[in-house]
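Visitor: Line order of the protein sequences matches chains A and B.
For the first sequence, position 160 (counting from the first letter as 1) is numbered 1062 according to the numbering used here, and the numbering increases by one without interruption.
For the second sequence, position 34 (counting from the first letter as 1) is numbered 66 according to the numbering used here, and the numbering increases by one without interruption.
What follows is a structure written as structure tokens; I'll ask about it next.
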Amino acid sequence: MSEATADQFSGAPASLPVPQTAYRPLTPSELVWRRFRKHRLAVAGTVGILLLLAFILVGSVVVPEGNANHGNLRERLLLPSAQHWFGTDSTGRDVFSRIIYGGQVSLFIGVSAVLLEVSLGTIVGGLAAYYGGWLDALLMRFTEAMLAIPSLFLLIVLAKFIGNNIPTINLFGRTFSGSVGVVIVVIGGTSWMYLARIVRANVLSIKEMDFVSASRALGSGNGRIFFTHLVPNTLGVIIVSTTLGLANAILTEAYVSFLGLGVQPPTATWGNMMDDAQTFILQGIWWMWVFPSLFIVFTILCINLMGDGLRDAFDPRHRI
Amino acid sequence: MGPYIIRRVLQALFILFIITGVCWTLTRLSSDPLAQYGGRQGVSAADRQALVHRLGLDQPLPVQYVTWLGLVLHGDLGDSFFSHQPVALLLSQRLPMTIVLMFTAEFFIVILALFLGIIAAVKQYSLIDNVITSFSFVGYSMPIFFIALGLMQIFAVQFKAWHLPYFPTGADIWKFTDPTALAWHLVLPVSCLVIIQVAGYSRFLRSSILEVLGLDYIRTARAKGLVERVVLYRHALRNAALPFITILGLDIPFLLGGALVTETIFAWPGMGRLFWEYAQRGDYPVVNGVLLVTSTAVVFFTIVVDVAYTMIDPRIRLG
């Protein structure tokens, strides 16, 4: 599309061959991609995430779901062996299988919660910045109020409020505890505040910039300014916050489940596997918590690396 | 300065009003006080009626909220439904334990973060910087319970198995008469908090020191022949530490809420665990008491930090 517009402006006749190779200025998204590619750690993080996704998806084809959610009580608390690579847990379920299926649920919760977080944060921040006045004041005081409560406290209060008495859901031929939905709402509903502030600050500063005034002087309406200037210029910030927010959401899921407020058994998540393990730690059953923890740390680490790379890549002052 | 502070305090009161409103409504609606009140004995229908009336639970919700708020403004946080103790008493029992835990941790956190941040920044891209940066990145990505369980496994389970002096993992001691016992019990939870926090802070300090070191006045300081040590500590660190002090100031009031997960894992009788124990039972007077204390601290520390900042940094003017 950019080439077509370039042709229109230069007015070059179609018969003349336009050199495709050099001198074409890079578009902003190409610049971002180029900067991201040169960030070695960020690329490593991305590869790590892809490997993890592959493991979780291929794993669920190879390993039947029954291994993960139905235990064999005669095989309780077995050490890692050739048959059970990561050992078995307190009800004889295979830890390796639970990591595969738990990972799917954990990642699903993380992604959904972040989508909710981003929607809420963008709407609140955007509304506050766009309309200003008393709405801005009210929304920002509310945001500050929610920020003043320690996040884990707020999370527990909300989780208690929404409650755990929710029926199970059948999806893709598998049964999920309805608490998956509760956890998504709770995490998304308690993490949008920072994003709302960032979006608000960003929109406020862009609104006053010269190119927006120029566009307005050229006769652009509110809608055009919003979609061609405000949205693309805020997108970078939102993408970076989303990536880092994903890491945070997965971590929070682990905390919530660890406290027993999260996804209810038998549906496994990396977090509630840790909750089970806590009871057995003093008996030295290390494999129940070490493996899910390592997967959590690996995932968060990769996503954080990716997020750091994206932040640098979206920063136009950052030249490589 | 005066009008600014007054405006901020009024805003803060409004924020606290929102907080209590949201929290009280959420906790009130998600609990059945009578289910907690009777304990294990059944409550007869007549008693139930009497209780409902005495606790004011037959009033409309807004009236209940205003009644609660009125009592709080008079310094009465109410009684726990479960233990029937005044909330203020429970808070005053737990607060010192949290303060001991959190401020010991914070002491080591600040020293270690400064130490690691400075080394990593001064020796940028060296082996030691890479090691520190990688560790802080990994630490930053860890859930605190992973570190807690890991420390438990090594220093409690394995040390015991190896017949070494092992660290206690639980602390159901209310009055620490013996300071040695207190210190002994502090080791594991404090290390846990230190590892997590130092990771984030040292990363932050490193980048803010590096930013300052690239500024012109540092070049001037070097050009006029100052020793590197003076350049670093008297010129660079002072400015680099400003944002760090702000972050610390904003984080400290959250410490009063305690570290919920750490306190729960190590059975530390602090505010975080108080909140968690009573939240599970839906004992909303206690829950709201903890929330109120913590968020008041947070809101007012924010103002203090903002005002203090303008005194430390003359470039900032109050708007």
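The beta carbon of each residue, even a glycine, is placed where N, CA and C say it ideally should be.
This structure is a prediction, so every number in the text was calculated from the model and none was measured.
(1) Please name the residue in A/Val1088, A/Ser1081, A/Ile1198, A/Phe1063 whose C-alpha comes closest to that of A/Ser1053.
(2) List, in chain order, every chain B residue whose beta-carbon is nearer than 7 angstroms to that of A/Tyr1157.
(3) Do the segment 47–60 of chain B and the segment 1044–1053 of chain A meet, that is, are 3 or more Cβ pairs less than 8 angstroms apart?
(4) Who are B/Pro118's beta bridge partners in DSSP?
(5) Could you give the first and the last residue of the continuous alpha helix (DSSP H) run that contains A/Tyr1003?
(6) Whose C-beta lies closer than 8 angstroms to the C-beta of A/Ile1086 among residues of the same chain, with five residues either side of it excluded?
(7) From the DSSP secondary-structure annotation, give me the bridge partner or partners of A/Thr990.
(8) Nearest to B/Val230 by CA position, among B/Leu148, B/Leu89, B/Gly321, B/Pro92, is which residue?
(9) For A/Thr1201, which of A/Val1026, A/Thr1145, A/Trp987 has the nearest alpha-carbon?
(10) Please list the partners that A/Met1176 has in chain B, where partner means a Cβ-to-Cβ separation under 9 angstroms.
(11) Could you pull out every residue in the same chain whose Cβ sits closer than 6 angstroms to the Cβ of A/Ser912, ignoring the five residues on either side in sequence?
(12) How is B/Leu127 classed by DSSP in three states: helix, strand or coil?
(13) In chain A, which residues lie less than 9 angstroms from B/Thr326 when you measure between Cβ atoms?
(14) Measure how close the beta-carbons of B/Met129 and B/Trp300 come, nearest whole angstrom, since I'm counting them as under 8 angstroms.
(15) Could you tell me how far apart the beta carbons of B/Gln185 and A/Ile1198 are, in whole angstroms, since I believe they sit closer than 8 angstroms?
(16) Would you give the residue range spanned by the alpha helix (DSSP H) that B/Tyr249 belongs to?
(17) Note down, in chain order, every chain B residue with its Cβ under 8 angstroms from the Cβ of A/Ser1180.
(18) Does B/Met303 pass the burial test, meaning 16 or more other C-beta atoms within 10 Å, or should it be called exposed?
(19) Which of helix, strand or coil does DSSP assign to B/Asp90?
(20) Do the segment 989–1007 of chain A and the segment 1117–1134 of chain A make contact, defined as three or more Cβ pairs closer than 8 angstroms?
(21) Locate the alpha helix (DSSP H) running through A/Thr1136, then write down its first and last residues.
(22) Looking at the C-beta of B/Met303, does it have a partner C-beta in chain A at a distance below 7 angstroms?
(23) Between A/Arg1099, A/Phe1216, A/Trp935, A/Trp987, which lies nearest to A/Val965 when the distance is taken from Cα to Cα?
(24) Going by beta carbon distance, what residues of the same chain come within less than 7 angstroms of B/Arg254, once the five residues before and after it are set aside?
(25) Have a look at B/Val170 and B/Leu225 and give me their C-alpha separation to the nearest angstrom.
(26) Return no unless some Cβ of chain A is closer than 7 angstroms to the Cβ of B/Val226.
(27) Quick one: does A/Asn1150 have its CB under 7 angstroms from some CB of chain B?
(28) Given A/Leu1106, which residues of its chain have a CB within under 7 angstroms of its CB, disregarding the five upstream and five downstream residues?
(29) To which residues of the same chain is B/Thr59 closer than 7 angstroms at the C-beta, ignoring the five residues directly before and after it?
(30) Verify the CB distance criterion: does A/Ala1047 have a CB-CB separation below 7 angstroms to chain B?
(31) Between the C-alpha atoms of B/Leu159 and B/Leu242, what's the straight-line distance to the nearest angstrom?
(32) Residues of chain B with a CB under 9 angstroms from the CB of A/Gly1186: which are they?
(33) Quick check: B/Phe191 and B/Leu220, are their CB atoms within less than 7 angstroms of each other?
(34) Would B/Ala272 pass as a contact of B/Ser240 if the rule is Cβ separation under 7 angstroms?
(35) Which term fits A/Asn1174, buried or exposed, when burial requires 16 or more other beta carbons within 10 angstroms of its beta carbon?
(36) Does the distance from the CB of A/Val1059 to the CB of A/Thr1171 come in under 7 angstroms?
Guide: Reading it off the structure:
(1) The residue given as residue 1053 of chain A occupies position 151 in the first sequence. Among A/Val1088, A/Ser1081, A/Ile1198, A/Phe1063, the Cα nearest to that of A/Ser1053 belongs to A/Val1088.
(2) If you number the first sequence from 1, residue 1157 of chain A lands on position 255. Those are Pro175, Val293, listed as they occur along chain B.
(3) yes
(4) Along the second sequence, read from residue 1 onward, the residue named residue 118 of chain B stands at position 86. For B/Pro118, which the question treats as bridged, DSSP gives the partners B/Asp111.
(5) The sequence position of residue 1003 of chain A within the first sequence is 101, counting from 1. First-last of the alpha helix (DSSP H) with A/Tyr1003: 997–1033.
(6) Residue numbering aside, residue 1086 of chain A sits at position 184 when the first sequence is read from its first letter. These residues qualify, in order along the chain: Ile1011, Ser1014, Ala1015, Leu1018.
(7) Residue mapping note: residue 990 of chain A aligns to position 88 of the first sequence, counting from 1. For A/Thr990, which the question treats as bridged, DSSP gives the partners A/Asp996.
(8) The residue you call residue 230 of chain B lines up with position 198 of the second sequence. For the residues B/Leu148, B/Leu89, B/Gly321, B/Pro92, the minimum Cα distance to B/Val230 belongs to B/Leu148.
(9) To locate residue 1201 of chain A, count along the first sequence from 1; it is residue 299. The option with the nearest alpha carbon to A/Thr1201 is A/Thr1145.
(10) One-based indexing of the first sequence puts residue 1176 of chain A at position 274. By Cβ distance, chain B contributes Pro175, Phe177, Phe178, Leu181.
(11) Stepping through the first sequence from its first residue, residue 912 of chain A is reached at position 10. Its pLDDT being 47, under 50, A/Ser912 is placed unreliably by the model, and the measurement read from it follows with that caveat. Nothing meets the Cβ criterion.
(12) Along the second sequence, one-based indexing puts residue 127 of chain B at 95. In this structure, B/Leu127 counts as helix in the three-state DSSP scheme.
(13) By one-based count along the second sequence, residue 326 of chain B stands at place 294. Within chain A, the residues near B/Thr326 are Ala1050, Ile1051, Pro1052, Phe1055.
(14) As a first step, residue 129 of chain B is located in the second sequence; it is residue number 97 there, counting from the start. As a first step, residue 300 of chain B is located in the second sequence; it is residue number 268 there, counting from the start. Contact flag correct, Cβ pair sits at about 7 angstroms.
(15) Within the second sequence, the letter at position 153 stands for residue 185 of chain B. Within the first sequence, the letter at position 296 stands for residue 1198 of chain A. Rounded, the Cβ-Cβ distance is 16 angstroms, inconsistent with contact.
(16) Your numbering for residue 249 of chain B matches position 217 in the second sequence. Unbroken alpha helix (DSSP H) run through B/Tyr249: 248–255.
(17) If you number the first sequence from 1, residue 1180 of chain A lands on position 278. The question names Ser, yet the displayed sequence has Gln at residue 1180 of chain A. Those are Phe177, Leu181, Ile297, listed as they occur along chain B.
(18) Residue mapping note: residue 303 of chain B aligns to position 271 of the second sequence, counting from 1. B/Met303 should be labelled buried.
(19) In the second sequence, counting from the first residue as 1, residue 90 of chain B sits at position 58. In this structure, B/Asp90 counts as coil in the three-state DSSP scheme.
(20) no
(21) Here residue 1136 of chain A refers to the residue found at position 234 when the first sequence is read from its first residue. From DSSP, the alpha helix (DSSP H) with A/Thr1136 extends over 1133–1160.
(22) The count along the second sequence starts at 1 and reaches residue 303 of chain B at position 271. No, B/Met303 does not count as interfacial toward chain A.
(23) By one-based count along the first sequence, residue 965 of chain A stands at place 63. Here the closest residue by C-alpha is A/Trp987.
(24) On the second sequence, position 222 is the one that residue 254 of chain B refers to. Excluding sequence neighbours, B/Arg254 sits near Val263.
(25) To locate residue 170 of chain B, count along the second sequence from 1; it is residue 138. To locate residue 225 of chain B, count along the second sequence from 1; it is residue 193. Whole-angstrom Cα-Cα distance: 15 angstroms.
(26) Start at 1 with the first residue of the second sequence, and residue 226 of chain B comes out as number 194. B/Val226 does not count as touching chain A.
(27) If you number the first sequence from 1, residue 1150 of chain A lands on position 248. Closer than 7 angstroms: no.
(28) Translated into positions along the first sequence, residue 1106 of chain A becomes position 204. Around A/Leu1106: Ala1031.
(29) Here residue 59 of chain B is taken as the residue at index 27 of the second sequence, counted from 1. If we look at B/Thr59 and ignore the five residues flanking it on each side, its Cβ neighbours are Tyr316, Val319, Asn320.
(30) Looking up residue 1047 of chain A in the first sequence gives position 145. So, interface residue.
(31) Translated into the one-based positions of the second sequence, residue 159 of chain B becomes position 127. Translated into the one-based positions of the second sequence, residue 242 of chain B becomes position 210. Those two C-alpha atoms are separated by around 17 angstroms.
(32) Reading the first sequence from its first residue, position 284 is the one you call residue 1186 of chain A. Residues of chain B passing the Cβ test: Gln185, Val189, Gln190, Ala193.
(33) Locating residue 191 of chain B in the second sequence gives position 159, counting from the first residue. Locating residue 220 of chain B in the second sequence gives position 188, counting from the first residue. Contact: no.
(34) Reading the second sequence from its first residue, position 240 is the one you call residue 272 of chain B. Reading the second sequence from its first residue, position 208 is the one you call residue 240 of chain B. For B/Ala272 and B/Ser240, yes; Cβs fall inside 7 angstroms.
(35) On the first sequence, position 272 is the one that residue 1174 of chain A refers to. Counting Cβ neighbours within 10 Å, A/Asn1174 comes out buried, since at least 16 surround it.
(36) The residue you call residue 1059 of chain A lines up with position 157 of the first sequence. The residue you call residue 1171 of chain A lines up with position 269 of the first sequence. It is not a contact, given that the beta carbons lie outside the stated cut-off.
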